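Scroll down for the structure; my scribbles are underneath it.
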Amino acid sequence: MEKKTRGLLNKLSPENYDRLKDKFLFKPKFMEAVTAVCGLLVRKSFEEPKYASLYAKLTLHYCQNAPLPEEVEEDEASKRAMGAHVRKLIIMACQRQFETRPSWTEKPQMTEEEYEAVVKIKTKALGNMRFVAELYNSGVVSKKVISMIVTQLVSSIQSEPKQEDIECALTLLATIGRGVDASLDPQLVAQWFALLAQAKENEAILSRLRFAIADLIDLRAAGWRKDASVVPTPVGSSAGTQRQNSTTTTNNNNNNAGGSTRGQPRRNEANADGWIASPSASSQGRRRDPAKASRFGRGGDQGGRNDRQASGTGGRRGGARQQQDPPKKTTVNLFDMFHHMEEQQNQDEEPPSTEASPSDAQAAETVPEPEAETEAAAPAKPANGAVPVEEQPEMSEDEVSAKAEAIVKNMLSSKEASEFVDDVKKITKYLPGLIMRSLELVTEKKEPEATLFGKALAMTINEGIVSADDMVAALADNDFMEYYEDMKMDIPQLDKLFVAFVTELRTANGVTDEHVQRIATKAGGLKI
1 MEKKTRGLLN KLSPENYDRL KDKFLFKPKF MEAVTAVCGL LVRKSFEEPK YASLYAKLTL
61 HYCQNAPLPE EVEEDEASKR AMGAHVRKLI IMACQRQFET RPSWTEKPQM TEEEYEAVVK
121 IKTKALGNMR FVAELYNSGV VSKKVISMIV TQLVSSIQSE PKQEDIECAL TLLATIGRGV
181 DASLDPQLVA QWFALLAQAK ENEAILSRLR FAIADLIDLR AAGWRKDASV VPTPVGSSAG
241 TQRQNSTTTT NNNNNNAGGS TRGQPRRNEA NADGWIASPS ASSQGRRRDP AKASRFGRGG
301 DQGGRNDRQA SGTGGRRGGA RQQQDPPKKT TVNLFDMFHH MEEQQNQDEE PPSTEASPSD
361 AQAAETVPEP EAETEAAAPA KPANGAVPVE EQPEMSEDEV SAKAEAIVKN MLSSKEASEF
421 VDDVKKITKY LPGLIMRSLE LVTEKKEPEA TLFGKALAMT INEGIVSADD MVAALADNDF
481 MEYYEDMKMD IPQLDKLFVA FVTELRTANG VTDEHVQRIA TKAGGLKI
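Using the UniProt record's numbering, read the sequence shown as starting at 1 and increasing by one per residue.
Right, dumping it as structure tokens:
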């Protein structure tokens, strides 16, 4: 059920929504399957924030029509309880994502890698906030809940402004749009904008964020008409330039930039709800889930296992940063009020809490286990020139993903496979996630890039960073091939790129013809 849901989400677009929406209504055997589907919906929403309204619409459809598990008798009371339970699962998933988001504190001067890591983390966190706002617009979340969230986000302005919380509030308000003044308490809204106006004059706040506040205030003054010249500043752009040139840039460039295969806006073009598509705000193309492919043998899979443990169901790709993580930010629990939602959610409050609590407890208990296993595997023979595992920094999924993007960019710009190997030596315990994310990025390129990446992986084998058997076992793994088949739906030339990649990989020491044949057979009988 989870695999089918992921495949449907990858195909979903505004054009085929009506045709695909009912295909999500699988009849589950167990309630755990419903939890997994809700988790996938939430993750997909912040991976593709420009489709937040589409995923909120699908969430509402699922809440209203979610089929009951086989063991539950179908009647009206059970259907209402199921809808309330699905709402709560979605809300809990949003809550977990918000509370566990890494800090994205910006500095006046950042390296390219630091900047990419900030953009990655910020896009994910703001995508979650936008999805919550779209859930409100769709009627899944009540206005009482949204009011409490925004109130707590802007409350720090009076004492010590938390710039990340302010930016989350801006995203929520801009996404709700006219509904802010049309349906929310006017006195409360006036208080929010008075606080935001106060923050706009605070020179301790980043100028980019102060311009974004001014944009939102101007947008409200214009009656929330998002076709006006003032638009919210996109992630990673210069606020001052954006305010002066937002209209002319869109008009001049939208005819020169190509759109995506799923109907996304062109680069620098405002989409239907007024947001500008900015390539710096997120990685290009569709987001896929390579977590199932992050498997190496006993000697090299600790990083992948840790990533999957940390991400819960569906495990996401790992990520990295060259510096140690900043202290974890203490945030207010903005979602406590979700447990006091209105009548239709309260109907099923006790059964979901009974089921969710043991699951959360088990998840918390299992987190330390991979660390112990990693320690047991630590005495394994170290790679030549690699930084000792115990000296490598702890990194989140987003950080490793951003690190992989920086490593691949460095390799492709220098056209030297050794650059990839030198960078990987510093963070070998995250090798599975790095390689699978890098493979995804390379498949968006052309044959020379795929060949260069194959050469880089061959060098990781030759230098003892990973064994040939473990590398081949990962590429020929059944789960990885399912992921490969999913990628082929979007990348028609993938077979050609994969052949170029494996052809170069076979030059590594220890990679035999039998190894290559095994990979080719698993990939559908490719001729390599």
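For glycine and all other residues, C-beta sits at the position ideal for the given N, C-alpha and C.
Predicted model only: the values in this text are computed from it and were never measured.
Proximity below 8 Å, CB of residue i to CB of residue j
i           : j           : result
residue 405 : residue 441 : yes
residue 386 : residue 465 : yes
residue 171 : residue 130 : yes
residue 500 : residue 461 : no
residue 154 : residue 219 : no
residue 141 : residue 132 : yes
residue 401 : residue 44  : no
residue 160 : residue 209 : no
residue 40  : residue 2   : yes
residue 430 : residue 395 : yes
residue 474 : residue 420 : no
residue 49  : residue 127 : yes
residue 217 : residue 197 : yes
residue 183 : residue 144 : no
Element boundaries [alpha helix (DSSP H), containing residue i]
i           : result
residue 24  : Here residue 24 belongs to no alpha helix (DSSP H), and DSSP marks it neither H nor E.
residue 186 : 186–200
residue 31  : 31–47
residue 422 : 417–424
residue 97  : 76–99
residue 210 : 207–221
residue 163 : 163–176
residue 62  : 52–65
residue 449 : 447–462
Buried versus exposed, by CB contacts within 10 Å (16 or more), residue i
i           : result
residue 190 : exposed
residue 230 : Caution is warranted here: a pLDDT of 42 is assigned to residue 230, below 50, making its placement in the model unreliable, and the coordinate value is therefore given only provisionally. Its Cβ being crowded by 16 or more others within 10 Å, residue 230 is buried.
residue 137 : buried
residue 213 : buried
residue 29  : exposed
residue 398 : buried
residue 454 : buried
residue 25  : exposed
residue 110 : exposed
residue 505 : buried
residue 74  : exposed
residue 16  : exposed
residue 403 : buried
residue 428 : buried
residue 122 : buried
residue 162 : buried
residue 225 : exposed
residue 27  : exposed
residue 4   : exposed
residue 432 : buried
residue 391 : exposed
residue 320 : A caution first: residue 320 carries a pLDDT of 42, below 50, which makes its placement in the model unreliable, though a value can still be read off. Buried, by the Cβ-count rule.
Rounded distance between the beta-carbons of residue j and residue i, thought under 8 Å
i           : j           : result
residue 35  : residue 68  : That pair is no contact at about 14 Å.
residue 46  : residue 97  : 7 Å
residue 139 : residue 9   : About 21 Å separates the two Cβ atoms, so there is no contact after all.
residue 468 : residue 511 : 5 Å
residue 56  : residue 135 : 5 Å
residue 147 : residue 181 : Actually they are not in contact, since the Cβ atoms of residue 147 and residue 181 sit about 13 Å apart, beyond 8 Å.
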